[in-house]
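S.K.:
Number of protein chains: 2
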Amino acid sequence: MSDTITLAAPFDAHVHLRQGNLMRLVTPHVHQGGIRMAFVMPNLVPPLTLPEHTIAYAKELQALAPSLHILPSLYLTANLTPSHIREAKQGGIVGVKSYPRGVTTNSEGGVGMEGYAVYDAVFAEMERVDMVLNLHGEVPSDIDGDGTCVLNAEERFLPHLREINRKFPKLRIVLEHCTTAAAVEAVKSLPPNVVATITPHHLHLTIDGACSTPLGFCKPLAKFPSDRAALRAAVASGSPKFFLGSDSAPHPSRSKLPALGVTLPSPCAAGIYTGANLVPLTAEIFERSGIPVDRLEGFVSTHGRQFYGFPARDGDEVVLRRVEGRTVDKAYGYKTDKGEDEWVIPFLAGEEIRWEIAA
Amino acid sequence: MSDTITLAAPFDAHVHLRQGNLMRLVTPHVHQGGIRMAFVMPNLVPPLTLPEHTIAYAKELQALAPSLHILPSLYLTANLTPSHIREAKQGGIVGVKSYPRGVTTNSEGGVGMEGYAVYDAVFAEMERVDMVLNLHGEVPSDIDGDGTCVLNAEERFLPHLREINRKFPKLRIVLEHCTTAAAVEAVKSLPPNVVATITPHHLHLTIDGACSTPLGFCKPLAKFPSDRAALRAAVASGSPKFFLGSDSAPHPSRSKLPALGVTLPSPCAAGIYTGANLVPLTAEIFERSGIPVDRLEGFVSTHGRQFYGFPARDGDEVVLRRVEGRTVDKAYGYKTDKGEDEWVIPFLAGEEIRWEIAA
Chain G
2 MSDTITLAAP FDAHVHLRQG NLMRLVTPHV HQGGIRMAFV MPNLVPPLTL PEHTIAYAKE
62 LQALAPSLHI LPSLYLTANL TPSHIREAKQ GGIVGVKSYP RGVTTNSEGG VGMEGYAVYD
122 AVFAEMERVD MVLNLHGEVP SDIDGDGTCV LNAEERFLPH LREINRKFPK LRIVLEHCTT
182 AAAVEAVKSL PPNVVATITP HHLHLTIDGA CSTPLGFCKP LAKFPSDRAA LRAAVASGSP
242 KFFLGSDSAP HPSRSKLPAL GVTLPSPCAA GIYTGANLVP LTAEIFERSG IPVDRLEGFV
302 STHGRQFYGF PARDGDEVVL RRVEGRTVDK AYGYKTDKGE DEWVIPFLAG EEIRWEIAA
Chain A
2 MSDTITLAAP FDAHVHLRQG NLMRLVTPHV HQGGIRMAFV MPNLVPPLTL PEHTIAYAKE
62 LQALAPSLHI LPSLYLTANL TPSHIREAKQ GGIVGVKSYP RGVTTNSEGG VGMEGYAVYD
122 AVFAEMERVD MVLNLHGEVP SDIDGDGTCV LNAEERFLPH LREINRKFPK LRIVLEHCTT
182 AAAVEAVKSL PPNVVATITP HHLHLTIDGA CSTPLGFCKP LAKFPSDRAA LRAAVASGSP
242 KFFLGSDSAP HPSRSKLPAL GVTLPSPCAA GIYTGANLVP LTAEIFERSG IPVDRLEGFV
302 STHGRQFYGF PARDGDEVVL RRVEGRTVDK AYGYKTDKGE DEWVIPFLAG EEIRWEIAA
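In C-alpha cells:
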C-alpha cells in the first residue's frame, strides 16, 4: 500500500461553521483538515434567509480562513422571492439550503407541512440561473400521527426529491448526507443533475454506534448495516453522483453531554464534529470500510468540484502521508461568547488515525 | 375519571437491584414504588451462576426490603447442570435467566454463538420441575457479519423462542421486555405457557426518544412507532400473556452522562431507571398512551402473579391516588462503594406524574 496520497484540492460540500467564538475556533480547522473549498451551511441563529446576510457571513468567514475558498449558501424560507435568487446569484451564492422544519439544529424556520409547492417560483428561478438546491432529505418526525420517526424520515422524503426533479428537470439538486439504501437507489435512478453528499461518519457508524453515545448522535441518524453497506458501495463504485459533504457540526460539550446539575436531562444536540481532521479521517474510514483508497480523490474532490463547477487548480494538491501512533484529538477547547470554558469533542476522539496531512 | 385505583399487590417481573451501595439505594425503592413482589435479575458482577449465589443474594435483598416478596433468579451458563436446577428449585429459585452474550449490562457470561442446544438437559429438567425460563430476546449485534444490529436483534431472536418452545412444550417461558410488533405476534401465536413482559418505558418511547439522550438508551432499544403501537395494543387487549417487567436498571450518572475529563467518550450504559415510582409511573404512561386504566391491575399484578403462581393475598392492595403538581424526582443521590458522590437519574426526571401511592 502506498505511503502517500495526492489529492486535487479537496472540497467539503457541507460544513457548519457556526458563529461567535465557536466559529473562530472551527473555521481555521477546515484548512488544517485538508479542505481547500467548503460549501457552508446557513442555519445560524437567526438563519441566513436573505442574500445580504449570507454575503456578510461569508466575508466574516473569509477573514478567519484566508486560504479557504468559501461557497456560501442561503436558507430557504417562504419569504424568498425570484428577485432574491437573482441577487444571490450575482452576489456569488451558489446554493439554497432547504431544511424541513424542526428536524435538526436551528431548523425552526424550515419547510413545514405545506410542502414544497410554495417554492415553485423560487425553484424555477434557481433552475433558470443555475443555482444549486441543497435538500436536508428528511420529513419531520410525527410519532403520534403518521408514524414518521428518525429511522424512516429519509425514505419518506424521497417522493419530494422525485417530485422536485420532475417539476424542475434542469435544477441541480444535492440530497445532503444521505444515509439509506433507499436514498442511494433514488439518487442513482435520477438524472445526473441529482446527486448526493455522504459523510465520513455515516460510512463508519450504524445505529449501534449512533444510539449508544451522544457523540454518535446526528441527524440523519446512522441506520442499518445494510444501509451503511449501500453508502459504502456507492462510494466504492466511483460514481460521480456521490461525494464528500462532511456535515461537520460542532457543538459545545455541554449540549452533547449534559452534566448533572448543569441542565436537566434533555435531548442532546444532533451533530458530529469531523472538521479538524476531515481528509485524513476520510482516508482512515475508507480503509476501515474496505473502500479502495484510489476512490478517495473522486470522493473528496473531483466529483463535488465538477458538480459545483469549480475545478481544482494545479498546485493546490493536498498530500496525505501514512503515520503511526497518531490519535484523534480528545477535544478542542475554547471560550464561549459568555466567557465560559468549553470544548468540542471530535468524532473518534482518542482513536488511532493512520493518515496525516504532509506539511 | 376515578381519582383512586385499587390494585391487588403489584408484581414487577423484571428488576435489577445491583450490589453494594447502589443496591442499598434502590432496593427500598421497590416497595416505595408500589411493588409488593419482584423477580430480581442475576446479572451481577460476577453473575449469579450457582444456586447458592442466588440464595445468598436474595437474603441480602430481603434484609433491605423486609416487606417485599423477592423471587430470585439464576444466570444461565453452560456450567449449569440438571442437578443445579433441582437444587435451585428446592432453594426457592423460580426462574433461570438467559442473556445472549454481550447484548446488555453484565452479560459477558451469557449464551454465545453456539446457541441454545447445549442447554437441552437443563431446559428438560426445568420443564420437569416447572421452573421458568426468562429470555433476554436479542441475538448479539454482528454489524460487519450478518448485519444484526440493535434494531433487528429481537426479531432475529424469535426463531430461538419458537425452537425452545417446540422442544420443551411445557416449559414456562417469558420473553422479557419485548419491544417489537414481531415479538408481540410471536408470543400471541405460541401456547399460554409462553408469555412476555413489557416495560413502561417501551410503552412511552420510540427510537426518537431513545437515540437522542443517554437517559433513553436501553437494551432492547425502543423502536418504530408501529412497534410501540403493537405493545400498547397488546396491553390494552387485556391478554394475560403480557405483563409488567419494568427492567428498571439503575446506573450511576457518570456511566450514562460521561462528563468531559471524567472519561473519554465511550458507549453509555444501557438501562432506564423506573423503580422508585413504578406503579404510579405505569398509570401515568397508560394515560399518556391511551391504554384504558382498567387494564392496569391485570398488567401490574394479576397476569404476572397468575403466570408465576403467586396469587395476591387479600389486604395487600395498593391504592393509587390522583394528584396535581407532582413531578418525577430529578435524581437519587448516594455514595458509591468508593465513597464518591453519585446519582441515579430516573426516567422522565422532572416531568409531571399525575398519580401517587396513597399513604
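As given, the protein sequences belong to chains G and A, one line each in that order.
Start counting the first sequence at 2; every next residue gets the next number (the working numbering).
Start counting the second sequence at 2; every next residue gets the next number (the working numbering).
For every residue, glycine included, the Cβ atom is placed at its ideal position computed from N, Cα and C.
So with CB distances below 8 Å, who are the chain G contacts of ASP207 (chain A)?
M.R.: Numbered from its first residue, the second sequence carries residue 207 (chain A) at position 206. Before going on, a small fix: residue 207 (chain A) reads as Thr here, not Asp. Those are ILE144 and CYS150, listed as they occur along chain G.
S.K.: Closest by CA to TYR100 (chain G), which one among G:ILE165, G:VAL112, G:ARG229 and G:GLY93?
M.R.: The residue given as residue 100 (chain G) occupies position 99 in the first sequence. From the listed residues G:ILE165, G:VAL112, G:ARG229 and G:GLY93, the smallest Cα separation to TYR100 (chain G) is found for G:VAL112.
S.K.: So, are the CB atoms of ASP228 (chain G) and THR181 (chain G) less than 8 Å apart?
M.R.: Along the first sequence, read from residue 1 onward, the residue named residue 228 (chain G) stands at position 227. Along the first sequence, read from residue 1 onward, the residue named residue 181 (chain G) stands at position 180. Closer than 8 Å, so yes.
S.K.: Where GLY110 (chain A) and HIS203 (chain G) are concerned, what is the direct C-alpha to C-alpha distance, given to the nearest angstrom?
M.R.: Start at 1 with the first residue of the second sequence, and residue 110 (chain A) comes out as number 109. Start at 1 with the first residue of the first sequence, and residue 203 (chain G) comes out as number 202. Cα to Cα, the separation comes out at about 32 Å.
S.K.: Candidates A:PHE169, A:GLU325, A:PRO241 and A:GLY340: which alpha carbon is nearest LEU134 (chain A)'s?
M.R.: Stepping through the second sequence from its first residue, residue 134 (chain A) is reached at position 133. Answer by Cα proximity: A:PHE169.
S.K.: Let me know if PRO361 (chain A) comes out buried or exposed under the rule of 16 or more other beta-carbons within 10 Å of its beta-carbon.
M.R.: One cannot answer for residue 361 (chain A) here, as it falls past the ends of chain A, which runs 2 to 360.
S.K.: Quick check: the Cα distance between ARG296 (chain G) and LYS189 (chain G), rounded to an integer number of angstroms?
M.R.: Position 295 of the first sequence, counted from the first residue, corresponds to residue 296 (chain G). Position 188 of the first sequence, counted from the first residue, corresponds to residue 189 (chain G). So the alpha carbons of these two residues sit roughly 18 Å apart.
S.K.: Are ILE346 (chain A) and TYR274 (chain A) closer than 8 Å when you measure CB to CB?
M.R.: Counted from its first residue, the second sequence places residue 346 (chain A) at position 345. Counted from its first residue, the second sequence places residue 274 (chain A) at position 273. Yes, the pair counts as a contact, with Cβ atoms nearer than the cut-off.
S.K.: Let me make sure I understand the geometry here. Which of A:LEU162, A:VAL16, A:VAL27 and A:VAL97 has the alpha-carbon closest to that of LYS336 (chain A)?
M.R.: Looking up residue 336 (chain A) in the second sequence gives position 335. Residue A:VAL27 is the option with its Cα nearest to LYS336 (chain A).
S.K.: Excluding the 5 residues flanking ALA59 (chain G) on each side, which residues of the same chain have their C-beta closer than 6 Å to its C-beta?
M.R.: To locate residue 59 (chain G), count along the first sequence from 1; it is residue 58. If we look at ALA59 (chain G) and ignore the five residues flanking it on each side, its Cβ neighbours are ILE71 and PRO73.
S.K.: Which residues in chain A have a C-beta closer than 9 Å to the C-beta of ALA211 (chain G)? List them in chain order.
M.R.: Your numbering for residue 211 (chain G) matches position 210 in the first sequence. The contacting residues are CYS212.
S.K.: Looking at C-alpha atoms only, which residue of G:ILE94, G:GLY35, G:VAL95 and G:LYS90 is the closest neighbour of ALA66 (chain G)?
M.R.: For the purposes of this step, residue 66 (chain G) is identified with residue 65 of the first sequence, where counting begins at 1. When each option's Cα is compared against that of ALA66 (chain G), the closest is G:GLY35.
S.K.: With a cut-off of 8 Å, does the C-beta of PHE158 (chain A) fall near any C-beta of chain G?
M.R.: One-based indexing of the second sequence puts residue 158 (chain A) at position 157. Not one chain G Cβ lies under 8 Å of PHE158 (chain A).
S.K.: State the CB to CB distance for the pair PRO141 (chain A) and GLY103 (chain A), rounded to an integer number of angstroms; the pair is presumed to be in contact (CB under 8 Å).
M.R.: Start at 1 with the first residue of the second sequence, and residue 141 (chain A) comes out as number 140. Start at 1 with the first residue of the second sequence, and residue 103 (chain A) comes out as number 102. Confirmed, Cβ separation roughly 5 Å.
S.K.: Using 8 Å as the limit for Cβ to Cβ distance, is PHE218 (chain G) near chain A?
M.R.: Counted from its first residue, the first sequence places residue 218 (chain G) at position 217. Yes - at least one Cβ of chain A is within 8 Å of the one on PHE218 (chain G).
S.K.: Shorter than 8 Å from the beta carbon of PHE225 (chain G) to some beta carbon of chain A?
M.R.: By 1-based counting over the first sequence, the position of residue 225 (chain G) is 224. Yes, its Cβ sits closer than 8 Å to a Cβ of chain A.
S.K.: Which class does SER99 (chain A) belong to by DSSP, given the choice of helix, strand or coil?
M.R.: As a working note, residue 99 (chain A) is residue 98 in the second sequence. Residue state, collapsed to three classes: strand.
S.K.: Report, in whole angstroms, the separation of the C-beta atoms of PRO136 (chain G) and VAL185 (chain G), which I expect to be a contact under 8 Å.
M.R.: Here residue 136 (chain G) refers to the residue found at position 135 of the first sequence. Here residue 185 (chain G) refers to the residue found at position 184 of the first sequence. Checking the displayed sequence, the identity of residue 136 (chain G) turns out to be Leu instead of Pro. That belief does not hold up - the Cβ atoms of LEU136 (chain G) and VAL185 (chain G) are roughly 15 Å apart, past 8 Å.
S.K.: Find the nearest neighbour of ILE199 (chain A) within the set A:ALA350, A:GLY299 and A:VAL319, judged by alpha-carbon distance.
M.R.: As a first step, residue 199 (chain A) must be located in the second sequence, where it is residue number 198. If we check each option's Cα against that of ILE199 (chain A), A:GLY299 comes out closest.
S.K.: Do the CB positions of SER249 (chain G) and VAL16 (chain G) come within less than 8 Å of each other?
M.R.: Counting from 1 along the first sequence, the entry for residue 249 (chain G) is found at position 248. Counting from 1 along the first sequence, the entry for residue 16 (chain G) is found at position 15. The beta carbons of SER249 (chain G) and VAL16 (chain G) sit closer together than 8 Å.
S.K.: ASP13 (chain G): buried (16+ other C-beta within 10 angstroms of its C-beta) or exposed?
M.R.: By 1-based counting over the first sequence, the position of residue 13 (chain G) is 12. Counting Cβ neighbours within 10 Å, ASP13 (chain G) comes out buried, since at least 16 surround it.
S.K.: Can you tell me which of the three DSSP states LYS331 (chain G) falls into?
M.R.: Translated into positions along the first sequence, residue 331 (chain G) becomes position 330. The answer is coil: DSSP assigns LYS331 (chain G) none of H, G, I, E or B.
S.K.: List the DSSP bridge partners of PHE12 (chain A).
M.R.: Taking the second sequence and counting its residues from 1, the one referred to as residue 12 (chain A) is at position 11. Its beta-bridge partners are A:MET38.
S.K.: Can you name the residues of chain G whose CB is closer than 7 Å to the CB of LEU1 (chain A)?
M.R.: Only positions 2 to 360 of chain A appear in the structure, and residue 1 (chain A) is not among them; the question remains open.
S.K.: Which chain G residues are close to ALA267 (chain A), counting only those with a beta carbon under 8 Å from its beta carbon?
M.R.: Position 266 of the second sequence holds residue 267 (chain A). The question names Ala, yet the displayed sequence has Ser at residue 267 (chain A). Those within 8 Å of SER267 (chain A) in chain G are THR214.
S.K.: Taking only the alpha-carbon atoms, compute the straight-line gap between MET127 (chain A) and ALA118 (chain A) and give it to the nearest angstrom.
M.R.: Along the second sequence, read from residue 1 onward, the residue named residue 127 (chain A) stands at position 126. Along the second sequence, read from residue 1 onward, the residue named residue 118 (chain A) stands at position 117. When rounded, the distance between both Cα atoms is 14 Å.
S.K.: For my contact list, TRP356 (chain G) and VAL324 (chain G) are in at a C-beta cut-off of 8 Å; report their separation, rounded to the angstrom.
M.R.: For the purposes of this step, residue 356 (chain G) is identified with residue 355 of the first sequence, where counting begins at 1. For the purposes of this step, residue 324 (chain G) is identified with residue 323 of the first sequence, where counting begins at 1. Right, their Cβ atoms sit about 7 Å apart.
S.K.: Quick check on DSSP: helix, strand or coil for PHE348 (chain A)?
M.R.: On the second sequence, residue 348 (chain A) is found 347 positions in, with the first residue counted as 1. If DSSP states are grouped into helix, strand and coil, PHE348 (chain A) belongs with coil.
S.K.: Can you give the Cα-Cα distance for LYS90 (chain G) and ALA10 (chain G), rounded to whole angstroms?
M.R.: Along the first sequence, read from residue 1 onward, the residue named residue 90 (chain G) stands at position 89. Along the first sequence, read from residue 1 onward, the residue named residue 10 (chain G) stands at position 9. Roughly 24 Å separates the two Cα atoms.
S.K.: Does LEU258 (chain A) come out as helix, strand or coil in the three-state DSSP assignment?
M.R.: Here the question's residue 258 (chain A) lines up with position 257 in the second sequence. Looking at LEU258 (chain A) - three-state DSSP - the assignment turns out to be coil, as it is neither helix nor strand.
S.K.: Give the secondary structure of VAL280 (chain A) by DSSP, where H, G and I count as helix, E and B as strand, and everything else as coil.
M.R.: Reading the second sequence from its first residue, position 279 is the one you call residue 280 (chain A). In the structure shown, VAL280 (chain A) sits in a helix (DSSP, three-state: H, G or I).
S.K.: For ALA57 (chain G), count neighbouring C-beta atoms within 10 Å of its own C-beta (all shown protein chains included) and say buried if the count is 16 or more, exposed if not.
M.R.: Counted from its first residue, the first sequence places residue 57 (chain G) at position 56. Label assigned to ALA57 (chain G): exposed.
S.K.: To the nearest angstrom, report how far apart ARG25 (chain A) and ARG322 (chain A) are at their CA atoms.
M.R.: The residue labelled residue 25 (chain A) in the question sits at position 24 within the second sequence. The residue labelled residue 322 (chain A) in the question sits at position 321 within the second sequence. Put simply, the backbone Cα of ARG25 (chain A) is about 28 Å away from that of ARG322 (chain A).
S.K.: Does PRO43 (chain A) get closer than 8 Å to chain G when you measure Cβ to Cβ?
M.R.: If you number the second sequence from 1, residue 43 (chain A) lands on position 42. No - not a single Cβ of chain G is within 8 Å of the one on PRO43 (chain A).
S.K.: DSSP three-state call for ARG373 (chain A): helix, strand or coil?
M.R.: Nothing in the structure corresponds to residue 373 (chain A), since chain A is present only between 2 and 360.
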